[in-house]
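Asks: I have a structure here, written as C-alpha coordinates, and I will follow up with some questions on it.
So, in C-alpha coordinates, the structure goes:
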(Lines of atoms letter the chains of each structure in order from A and count residues from 1; the text may use other names and numbers.)
(Lines give C-alpha, C1' and ligand atoms only; values in the text may rest on other atoms or scores of the structure.)
Protein backbone atom coordinates (compact mmCIF):
# COMPACT_ATOMS: atom_id res chain seq x y z
CA UNK A 1 0.00 0.00 0.00
CA UNK A 2 2.88 2.33 0.73
CA UNK A 3 4.25 1.62 -2.72
CA UNK A 4 1.05 2.43 -4.52
CA UNK A 5 0.46 5.75 -2.75
CA UNK A 6 3.42 7.54 -4.34
CA UNK A 7 2.42 6.10 -7.68
CA UNK A 8 -1.08 7.53 -7.37
CA UNK A 9 0.34 10.85 -6.27
CA UNK A 10 2.68 10.87 -9.23
CA UNK A 11 -0.02 10.11 -11.75
CA UNK A 12 -2.46 12.68 -10.33
CA UNK A 13 -0.81 15.80 -11.83
CA UNK A 14 -0.71 14.18 -15.23
CA UNK A 15 -4.47 13.75 -15.19
CA UNK A 16 -4.96 17.29 -13.96
CA UNK A 17 -2.77 18.68 -16.71
CA UNK A 18 -4.60 16.75 -19.41
CA UNK A 19 -7.39 19.37 -19.87
CA UNK A 20 -4.81 22.11 -20.16
CA UNK A 21 -2.90 20.13 -22.79
CA UNK A 22 -6.13 19.38 -24.66
CA UNK A 23 -7.14 23.02 -24.44
CA UNK A 24 -3.76 24.04 -25.84
CA UNK A 25 -4.05 21.43 -28.57
CA UNK A 26 -7.47 22.77 -29.54
CA UNK A 27 -5.92 26.20 -30.04
CA UNK A 28 -7.90 28.06 -27.38
CA UNK A 29 -6.72 31.56 -26.60
CA UNK A 30 -5.63 32.61 -23.12
CA UNK A 31 -8.03 34.62 -21.03
CA UNK A 32 -6.28 37.92 -21.81
CA UNK A 33 -6.15 37.43 -25.58
CA UNK A 34 -9.61 38.89 -26.41
CA UNK A 35 -8.89 42.03 -24.39
CA UNK A 36 -5.51 42.47 -26.07
CA UNK A 37 -7.11 42.02 -29.51
CA UNK A 38 -9.83 44.56 -28.72
CA UNK A 39 -7.25 47.08 -27.53
CA UNK A 40 -5.22 46.59 -30.71
CA UNK A 41 -8.27 47.07 -32.92
CA UNK A 42 -9.27 50.16 -30.92
CA UNK A 43 -5.82 51.67 -31.46
CA UNK A 44 -6.14 51.04 -35.20
CA UNK A 45 -9.55 52.73 -35.37
CA UNK A 46 -8.54 55.66 -33.14
CA UNK A 47 -7.30 57.94 -36.00
CA UNK A 48 -10.58 57.48 -37.85
CA UNK A 49 -12.59 58.21 -34.70
CA UNK A 50 -10.58 61.37 -34.06
CA UNK A 51 -11.03 62.47 -37.69
CA UNK A 52 -14.78 61.83 -37.53
CA UNK A 53 -15.11 63.67 -34.25
CA UNK A 54 -13.17 66.74 -35.39
CA UNK A 55 -14.55 67.11 -38.92
CA UNK A 56 -18.09 65.68 -38.55
CA UNK A 57 -19.39 65.54 -34.99
CA UNK A 58 -17.87 68.81 -33.77
CA UNK A 59 -19.15 70.91 -36.73
CA UNK A 60 -22.58 69.32 -36.34
CA UNK A 61 -22.61 70.24 -32.66
CA UNK A 62 -21.57 73.80 -33.48
CA UNK A 63 -24.39 74.06 -36.04
CA UNK A 64 -26.95 72.84 -33.50
CA UNK A 65 -25.74 75.31 -30.87
CA UNK A 66 -25.53 78.16 -33.38
CA UNK A 67 -29.10 77.55 -34.53
CA UNK A 68 -30.45 78.24 -31.03
CA UNK A 69 -27.94 80.73 -29.61
CA UNK A 70 -26.48 84.01 -30.82
CA UNK A 71 -22.79 84.86 -30.69
CA UNK A 72 -23.42 86.52 -27.33
CA UNK A 73 -24.86 83.27 -25.94
CA UNK A 74 -28.47 84.46 -25.91
CA UNK A 75 -31.13 81.85 -26.70
CA UNK A 76 -33.09 82.68 -29.85
CA UNK A 77 -35.58 81.09 -32.22
CA UNK A 78 -35.39 83.78 -34.89
CA UNK A 79 -33.45 81.45 -37.18
CA UNK A 80 -36.21 78.84 -37.13
CA UNK A 81 -38.87 81.51 -37.59
CA UNK A 82 -37.14 82.50 -40.82
CA UNK A 83 -36.60 78.84 -41.69
CA UNK A 84 -40.35 78.18 -41.77
CA UNK A 85 -41.16 81.33 -43.73
CA UNK A 86 -42.68 80.92 -47.22
CA UNK A 87 -39.46 82.07 -48.91
CA UNK A 88 -37.30 79.50 -47.10
CA UNK A 89 -39.82 76.73 -47.71
CA UNK A 90 -39.77 77.59 -51.42
CA UNK A 91 -35.98 77.33 -51.46
CA UNK A 92 -36.09 73.95 -49.69
CA UNK A 93 -38.73 72.76 -52.14
CA UNK A 94 -36.59 73.86 -55.11
CA UNK A 95 -33.55 72.04 -53.70
CA UNK A 96 -35.62 68.91 -53.06
CA UNK A 97 -37.22 68.97 -56.52
CA UNK A 98 -33.84 69.50 -58.19
CA UNK A 99 -32.31 66.66 -56.18
CA UNK A 100 -35.16 64.25 -56.90
CA UNK A 101 -35.16 64.92 -60.65
CA UNK A 102 -31.38 64.63 -61.02
CA UNK A 103 -31.30 61.55 -58.79
CA UNK A 104 -34.01 59.69 -60.72
CA UNK A 105 -32.72 60.65 -64.18
CA UNK A 106 -29.12 60.00 -63.18
CA UNK A 107 -30.06 56.63 -61.70
CA UNK A 108 -31.95 55.49 -64.80
CA UNK A 109 -29.26 56.58 -67.26
CA UNK A 110 -26.46 55.33 -65.03
CA UNK A 111 -28.12 51.94 -64.54
CA UNK A 112 -28.36 51.44 -68.30
CA UNK A 113 -24.70 52.40 -68.73
CA UNK A 114 -23.68 50.12 -65.85
CA UNK A 115 -25.52 47.17 -67.39
CA UNK A 116 -23.91 47.80 -70.78
CA UNK A 117 -20.51 48.00 -69.10
CA UNK A 118 -21.13 44.76 -67.18
CA UNK A 119 -21.54 42.83 -70.44
CA UNK A 120 -17.89 43.48 -71.34
CA UNK A 121 -15.08 41.29 -69.91
CA UNK A 122 -14.01 42.43 -66.45
CA UNK A 123 -10.31 42.59 -67.39
CA UNK A 124 -10.72 44.16 -70.82
CA UNK A 125 -8.76 47.32 -71.60
CA UNK A 126 -11.86 49.17 -72.76
CA UNK A 127 -13.68 48.56 -69.49
CA UNK A 128 -10.67 49.62 -67.43
CA UNK A 129 -10.28 52.84 -69.39
CA UNK A 130 -14.00 53.61 -69.20
CA UNK A 131 -14.13 52.87 -65.46
CA UNK A 132 -11.16 55.15 -64.78
CA UNK A 133 -12.63 57.92 -66.94
CA UNK A 134 -16.00 57.48 -65.25
CA UNK A 135 -14.42 57.87 -61.80
CA UNK A 136 -12.87 61.17 -62.90
CA UNK A 137 -16.19 62.49 -64.23
CA UNK A 138 -17.96 61.54 -60.99
CA UNK A 139 -15.69 63.99 -59.13
CA UNK A 140 -15.75 66.67 -61.84
CA UNK A 141 -17.73 69.62 -60.56
CA UNK A 142 -17.52 73.09 -59.15
CA UNK A 143 -16.15 76.05 -61.08
CA UNK A 144 -14.47 73.85 -63.70
CA UNK A 145 -17.74 72.16 -64.64
CA UNK A 146 -19.58 75.48 -64.67
CA UNK A 147 -16.96 77.00 -66.98
CA UNK A 148 -17.16 73.99 -69.30
CA UNK A 149 -20.92 74.43 -69.70
CA UNK A 150 -20.67 78.20 -70.11
CA UNK A 151 -18.05 77.73 -72.83
CA UNK A 152 -20.27 75.15 -74.54
CA UNK A 153 -23.89 76.31 -74.28
CA UNK A 154 -23.53 79.74 -72.69
CA UNK A 155 -24.52 82.98 -74.38
CA UNK A 156 -21.39 82.91 -76.55
CA UNK A 157 -20.66 79.20 -76.24
CA UNK A 158 -19.32 77.13 -79.10
CA UNK A 159 -22.42 74.95 -79.40
CA UNK A 160 -24.67 78.01 -79.08
CA UNK A 161 -22.96 79.75 -81.97
CA UNK A 162 -22.95 76.59 -84.07
CA UNK A 163 -26.68 76.01 -83.60
CA UNK A 164 -27.44 79.64 -84.30
CA UNK A 165 -25.38 79.68 -87.49
CA UNK A 166 -26.34 76.23 -88.81
CA UNK A 167 -30.01 75.97 -87.85
CA UNK A 168 -30.97 79.41 -86.61
CA UNK A 169 -31.68 78.01 -83.14
CA UNK A 170 -30.97 80.36 -80.25
CA UNK A 171 -30.23 78.89 -76.83
CA UNK A 172 -31.89 80.84 -74.03
CA UNK A 173 -29.30 83.07 -72.40
CA UNK A 174 -30.66 82.30 -68.93
CA UNK A 175 -30.83 78.54 -69.38
CA UNK A 176 -27.78 77.68 -67.26
CA UNK A 177 -28.96 79.91 -64.41
CA UNK A 178 -32.37 78.22 -64.22
CA UNK A 179 -33.44 74.99 -62.53
CA UNK A 180 -33.68 73.03 -65.84
CA UNK A 181 -30.17 74.21 -66.64
CA UNK A 182 -28.93 72.97 -63.26
CA UNK A 183 -30.56 69.61 -63.98
CA UNK A 184 -28.51 69.28 -67.17
CA UNK A 185 -25.33 70.33 -65.38
CA UNK A 186 -25.87 68.07 -62.36
CA UNK A 187 -26.48 65.05 -64.57
CA UNK A 188 -22.91 65.43 -65.81
CA UNK A 189 -21.61 64.11 -62.48
CA UNK A 190 -24.70 62.25 -61.27
CA UNK A 191 -24.63 59.68 -64.08
CA UNK A 192 -20.95 58.71 -63.56
CA UNK A 193 -21.55 58.44 -59.81
CA UNK A 194 -24.46 56.08 -60.46
CA UNK A 195 -22.29 53.93 -62.71
CA UNK A 196 -19.62 53.70 -60.02
CA UNK A 197 -21.96 52.69 -57.18
CA UNK A 198 -24.35 50.48 -59.19
CA UNK A 199 -21.85 48.54 -61.31
CA UNK A 200 -20.82 46.15 -58.48
CA UNK A 201 -24.47 45.19 -57.98
CA UNK A 202 -24.94 44.48 -61.69
CA UNK A 203 -21.73 42.45 -61.73
CA UNK A 204 -23.16 40.40 -58.86
CA UNK A 205 -25.94 39.05 -61.09
CA UNK A 206 -24.84 35.58 -62.16
CA UNK A 207 -25.28 34.25 -65.67
CA UNK A 208 -26.50 30.94 -64.25
CA UNK A 209 -29.64 32.63 -62.91
CA UNK A 210 -30.67 33.74 -66.39
CA UNK A 211 -29.89 30.30 -67.81
CA UNK A 212 -32.00 28.68 -65.10
CA UNK A 213 -34.89 31.02 -65.89
CA UNK A 214 -34.70 30.14 -69.59
CA UNK A 215 -34.54 26.41 -68.83
CA UNK A 216 -37.68 26.72 -66.72
CA UNK A 217 -39.50 28.41 -69.60
CA UNK A 218 -39.19 32.00 -68.42
CA UNK A 219 -38.79 34.91 -70.81
CA UNK A 220 -36.56 37.97 -70.49
CA UNK A 221 -39.50 39.82 -68.96
CA UNK A 222 -39.88 37.14 -66.30
CA UNK A 223 -36.12 37.18 -65.62
CA UNK A 224 -35.92 40.93 -65.08
CA UNK A 225 -39.14 41.29 -63.08
CA UNK A 226 -38.97 38.06 -61.07
CA UNK A 227 -35.25 37.39 -60.62
CA UNK A 228 -32.83 40.22 -61.43
CA UNK A 229 -35.22 43.08 -60.68
CA UNK A 230 -35.98 42.18 -57.05
CA UNK A 231 -32.29 41.49 -56.43
CA UNK A 232 -31.16 44.81 -57.88
CA UNK A 233 -34.00 46.88 -56.39
CA UNK A 234 -32.35 47.56 -52.98
CA UNK A 235 -29.08 48.61 -54.64
CA UNK A 236 -30.92 50.77 -57.16
CA UNK A 237 -33.03 52.53 -54.54
CA UNK A 238 -29.97 53.00 -52.34
CA UNK A 239 -28.11 54.54 -55.26
CA UNK A 240 -31.02 56.91 -55.89
CA UNK A 241 -30.83 58.05 -52.27
CA UNK A 242 -27.08 58.55 -52.57
CA UNK A 243 -27.54 60.65 -55.71
CA UNK A 244 -30.22 62.67 -53.93
CA UNK A 245 -27.87 63.46 -51.05
CA UNK A 246 -25.08 64.30 -53.48
CA UNK A 247 -27.27 66.75 -55.39
CA UNK A 248 -28.91 68.21 -52.30
CA UNK A 249 -25.56 69.19 -50.80
CA UNK A 250 -23.93 70.46 -54.03
CA UNK A 251 -22.99 74.13 -53.91
CA UNK A 252 -19.95 75.22 -55.94
CA UNK A 253 -21.36 74.43 -59.38
CA UNK A 254 -24.64 76.26 -58.80
CA UNK A 255 -22.87 79.20 -57.15
CA UNK A 256 -20.58 79.58 -60.17
CA UNK A 257 -23.52 79.58 -62.59
CA UNK A 258 -26.00 81.69 -60.59
CA UNK A 259 -24.94 84.95 -59.00
CA UNK A 260 -28.04 87.15 -58.91
CA UNK A 261 -30.41 84.93 -56.96
CA UNK A 262 -30.53 82.09 -54.43
CA UNK A 263 -32.62 79.14 -55.50
CA UNK A 264 -31.12 76.28 -53.45
CA UNK A 265 -30.40 75.89 -49.74
CA UNK A 266 -26.56 76.01 -49.84
CA UNK A 267 -26.70 79.31 -51.74
CA UNK A 268 -29.18 80.69 -49.19
CA UNK A 269 -26.75 79.78 -46.40
CA UNK A 270 -23.98 81.68 -48.19
CA UNK A 271 -26.26 84.68 -48.70
CA UNK A 272 -27.23 84.72 -45.02
CA UNK A 273 -23.61 84.57 -43.88
CA UNK A 274 -22.53 87.35 -46.26
CA UNK A 275 -25.48 89.64 -45.60
CA UNK A 276 -24.29 92.85 -43.94
CA UNK A 277 -27.56 94.76 -44.09
CA UNK A 278 -29.69 92.56 -41.82
CA UNK A 279 -28.42 91.66 -38.35
CA UNK A 280 -28.96 88.29 -36.71
CA UNK A 281 -28.85 86.13 -39.83
CA UNK A 282 -26.15 83.88 -38.39
CA UNK A 283 -28.73 81.80 -36.52
CA UNK A 284 -30.81 81.61 -39.71
CA UNK A 285 -27.82 80.25 -41.62
CA UNK A 286 -27.20 77.71 -38.85
CA UNK A 287 -30.88 76.70 -38.90
CA UNK A 288 -30.68 76.15 -42.66
CA UNK A 289 -27.57 74.03 -42.20
CA UNK A 290 -29.29 72.04 -39.46
CA UNK A 291 -32.23 71.40 -41.77
CA UNK A 292 -29.84 70.11 -44.44
CA UNK A 293 -28.13 67.87 -41.89
CA UNK A 294 -31.46 66.35 -40.87
CA UNK A 295 -32.48 65.69 -44.48
CA UNK A 296 -29.12 64.17 -45.44
CA UNK A 297 -28.99 62.09 -42.23
CA UNK A 298 -32.42 60.58 -42.94
CA UNK A 299 -31.51 59.85 -46.55
CA UNK A 300 -28.16 58.27 -45.69
CA UNK A 301 -29.75 56.15 -42.93
CA UNK A 302 -32.19 54.72 -45.47
CA UNK A 303 -29.27 54.21 -47.86
CA UNK A 304 -27.37 52.23 -45.22
CA UNK A 305 -30.38 50.00 -44.58
CA UNK A 306 -30.83 49.28 -48.29
CA UNK A 307 -27.11 48.59 -48.75
CA UNK A 308 -27.20 46.16 -45.83
CA UNK A 309 -30.07 44.29 -47.45
CA UNK A 310 -28.43 44.18 -50.89
CA UNK A 311 -25.12 42.97 -49.42
CA UNK A 312 -26.77 39.75 -48.24
CA UNK A 313 -26.73 38.26 -51.73
CA UNK A 314 -23.79 40.24 -53.14
CA UNK A 315 -21.48 38.66 -50.56
CA UNK A 316 -22.55 35.12 -51.42
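In the numbering used here, the protein residues as written are 825 to 1140.
In this text, a Cβ means the ideal position worked out from N, Cα and C, and glycines have one as well.
No experiment lies behind these values; they were computed from the predicted model shown.
1) Apart from the five residues just before and just after residue 849, which ones in its own chain have a Cβ nearer than 7 angstroms to its Cβ?
2) Applying the criterion that 16 or more other CB atoms from any shown protein chain within 10 Å of the CB defines a buried residue, is residue 1067 buried or exposed?
3) Is it the case that the Cβ atoms of residue 1065 and residue 1003 are separated by a distance below 7 angstroms?
4) In this structure, how does DSSP classify residue 993 when only helix, strand and coil are distinguished?
5) Is the CB-CB distance between residue 934 and residue 1039 below 7 angstroms?
6) Between residue 993 and the rest of its own chain, which residues show a CB-CB distance below 7 angstroms, the 5 nearest in sequence each way excluded?
7) Under 7 angstroms between C-beta atoms, does residue 903 make it to chain D?
8) Rounded to a whole number of angstroms, what is the C-alpha to C-alpha distance between residue 1032 and residue 1009?
9) Using the Cβ count rule (16 or more neighbours within 10 Å means buried), how would you classify residue 1162?
10) Would you decide whether residue 925 is buried or exposed? Buried here means 16 or more other CB atoms lie within 10 Å of its CB.
11) Going by alpha carbons, who is nearest to residue 958 out of 1014, 943, 906 and 947?
12) If you pair each beta-carbon of the segment 1041-1053 with each one of the segment 964-979, do three or more pairs fall below 8 angstroms?
13) With DSSP as the reference, identify every bridge partner of residue 899, one or two as the case may be.
14) Which same chain residues end up closer than 7 angstroms to residue 962 when comparing Cβ atoms and leaving out the 5 residues on each side of it in sequence?
15) Can you give me the C-alpha to C-alpha distance between residue 955 and residue 1027, rounded to a whole angstrom?
16) Tell me whether residue 877 sits in a helix, a strand or coil according to DSSP, three-state version.
17) Report the rounded CA-to-CA distance for residue 1122 versus residue 1034, giving the unit in angstroms.
18) With distances taken from CA atoms, which of 1061, 996, 1111 and 1100 is nearest residue 930?
19) With three or more C-beta pairs closer than 8 angstroms as the rule, is the segment 871-887 touching the segment 1086-1104?
20) So, under 8 angstroms CB-CB, residue 903 and residue 1110 are touching, yes? Tell me the CB distance rounded to an integer number of Å.
21) Would you say the segment 1098-1116 touches the segment 899-917, given that touching needs at least three Cβ pairs under 8 angstroms?
22) Can you say whether residue 1116 is buried or exposed, counting buried as having 16 or more other CB atoms within 10 angstroms of its CB?
23) Can you tell me whether DSSP reads residue 845 as helix, strand or coil?
Replies: In brief:
1) Low confidence applies to residue 849: its pLDDT is 46, below 50, so where it sits in the model is not reliable, and the reading given next is rough at best. Cβ contact annotation for residue 849 (same chain, cutoff 7 angstroms, sequence separation greater than five): none.
2) Counting Cβ neighbours within 10 Å, residue 1067 comes out buried, since at least 16 surround it.
3) Against a cut-off of 7 angstroms, the Cβ pair of residue 1003 and residue 1065 comes out as no contact.
4) Coil.
5) Pairing residue 934 with residue 1039 gives a Cβ-Cβ distance that is not under 7 angstroms.
6) Excluding residues up to 5 positions away in sequence, 987 lie with their Cβ nearer than 7 angstroms to the Cβ of residue 993 in the same chain.
7) Protein chains in the displayed structure number just one, and chain D is not present.
8) Using only the alpha carbons, I get a separation of about 39 angstroms.
9) Any property of residue 1162 remains undetermined from this structure, which presents the chain solely from 825 to 1140.
10) Answer is buried; the Cβ neighbour count reaches 16.
11) With distances taken between Cα atoms, residue 958 lies closest to 1014.
12) No, the segment 1041-1053 is not in contact with the segment 964-979.
13) For residue 899, which the question treats as bridged, DSSP gives the partners 893.
14) So the list reads 1013, 1016, 1017 and 1020, once near-sequence residues are dropped.
15) Each residue's Cα considered, the two are about 13 angstroms apart.
16) In the structure shown, residue 877 adopts helical secondary structure according to DSSP, grouped into three states.
17) So the alpha carbons of these two residues sit roughly 36 angstroms apart.
18) For the residues 1061, 996, 1111 and 1100, the minimum Cα distance to residue 930 belongs to 1061.
19) Touching, no, given that fewer than three Cβ pairs across the two stretches are closer than 8 angstroms.
20) The beta-carbon separation of residue 903 and residue 1110, rounded to 6 angstroms, stays under the 8 angstroms limit for a contact.
21) Touching, yes.
22) The C-beta of residue 1116 has 16 or more other C-beta atoms within 10 Å across all chains shown, which makes the residue buried.
23) Low confidence applies to residue 845: its pLDDT is 44, below 50, so where it sits in the model is not reliable enough to give any reading.
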